[in-house]
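In UniProt numbering, the protein residues as written are 1 to 131.
For glycine and all other residues, C-beta sits at the position ideal for the given N, C-alpha and C.
Keep in mind the model is a prediction, meaning the values are calculated, not measured.
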């Protein structure tokens with residue numbers, strides 16, 4: 001029959017397509033799974049990244065991107081499911097020594113129950129409070 005074939009058979013093409021689709025779906029699932037935590041996990045992740053940045057850098061920015069992500073310098077932290085950032089476009093600079101650091105408040109709201117939380121950056125470097 002075909003002793004010297006050039007190219008792929010239908011079976012090989014379908015197998016390759018299944019592998020590519022599986023990898024793509026698994027990757028998308030992992031991206032969405034990162035957002036499925038609760039509020040306590042968000043607070044822990046924020047605290048860990050905040051302390052790491054404060055130890056490494058003299059100053060860094062805190063900003064929002066859309067209403068589901070918070071950026072600490074170049075690290076993004078996703079909010080838990082059903083939580084959103086109320087004041088989009090938030091931007092502040094945190095300085096280790098506190099010189100020139102202005103107080104700022106970032107507000108969050110849970111869509112289902114209407115609960116609100118605040119992240120308050122206090123006057124002085126390296127202090128914040130979840131309320």
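Open item on the list: Need the endpoints of the beta strand (DSSP E) that residue 110 sits in, please.
Closed with: Note, residue 110: beta strand (DSSP E), 104-110.
Task: Beta-bridge pairing of residue 63 - partner residues as DSSP gives them - done: Listed as beta-bridge partners of residue 63 by DSSP are 71, 91.
- [ ] Using the DSSP secondary-structure output, state which residues sit across from residue 119 in a beta bridge.
- [x] Under DSSP, the beta-bridge partners assigned to residue 119 are 106, 130.
Task: Residues of its chain near residue 129, where Cβ-Cβ distance is below 6 Å and the 5 sequence neighbours each way are ignored - done: Around residue 129, the same chain offers 120 as residues with beta carbons nearer than 6 Å, after the five sequence neighbours per side are excluded.
Open item on the list: So for residue 84, helix, strand or coil by DSSP?
Closed with: For residue 84, the secondary structure class from DSSP, reduced to helix, strand or coil, is strand.
TODO: Leaving out five residues on either side along the sequence, give the residues of the same chain with a beta carbon under 6 Å from the beta carbon of residue 83.
DONE: Excluding sequence positions up to five before and after residue 83, its CB lies within less than 6 Å of the CB of 108, 110, all in the same chain and listed in chain order.
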